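Each position in the sequence shown, counted from 1, maps to that position plus 13 in the working numbering. Glycine included, each C-beta is placed from N, C-alpha and C at the ideal position. Since the structure is predicted, the reported quantities are computational estimates derived from the model, not experimental observations.
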Amino acid sequence: KNEVRRYQLGEKNGTLVAGGNGEGNGLNQLNVPRYLFVDRDHSVYVSDWNNHRVMKWVEGAKEGIVVAGRQGYESALTQLSHPNGLFVDTFGTLYVADQGNHRVMRWTQ
């Protein structure tokens with residue numbers, strides 16, 4: 014379904030948090046979401062594997078923001094190739110396991 018949902022205990026359908034508009038590369042779409050991270054402001058970061066980017070959804074947003082991997086997939090320092098695990102520290106610095114390039118990348122706010 015290329016979406017992320019939040020479930021409360023006992024809920025069956027959950028609440029759509031990210032994606033949910035089919036497979037694609039629009040700001041309201043995902044293409045093989047792999048990992049996610051929720052920060053203290055309840056923003057959700059998703060490694061969008063086949064779009065070679067990391068998306069951020071602020072709580073309640075209908076569209077995400079590309080926060081890493083903006084320019085296609087290659088090995089330049091602004092690019093990702095199949096991002097996997099991710100983490101955001103207390104300073105807002107994003108760390109991404111860039112699988113296709115065999116490296117860990119860091120983006121500061």
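For N34, no beta strand (DSSP E) run applies, since DSSP gives it neither H nor E. For D111, the pairing in a beta bridge is given by DSSP as P96 and R116. Sequence-distant partners of Q84 (beyond 5 residues in either direction) whose C-beta falls short of 8 Å from its own C-beta, in its chain, are T91 and Q92. In terms of Cβ geometry, V67 and S60 form a close pair [threshold 8 Å]. For the 8 Å CB-CB criterion, L107 and V71 do not form a contact.
The Cβ atoms of Y48 and N97 lie closer than 8 Å to each other. Shortest Cα-Cα distance from R116 to any of G32, L99 and R18 involves L99.
When the five nearest sequence neighbours on each side are left out, the beta carbons in the same chain lying within less than 6 Å of the beta carbon of G113 are those of S94 and H95, in order along the chain. The shortest C-alpha to C-alpha distance from E87 to any of V101, Y20 and H65 is the one to H65.
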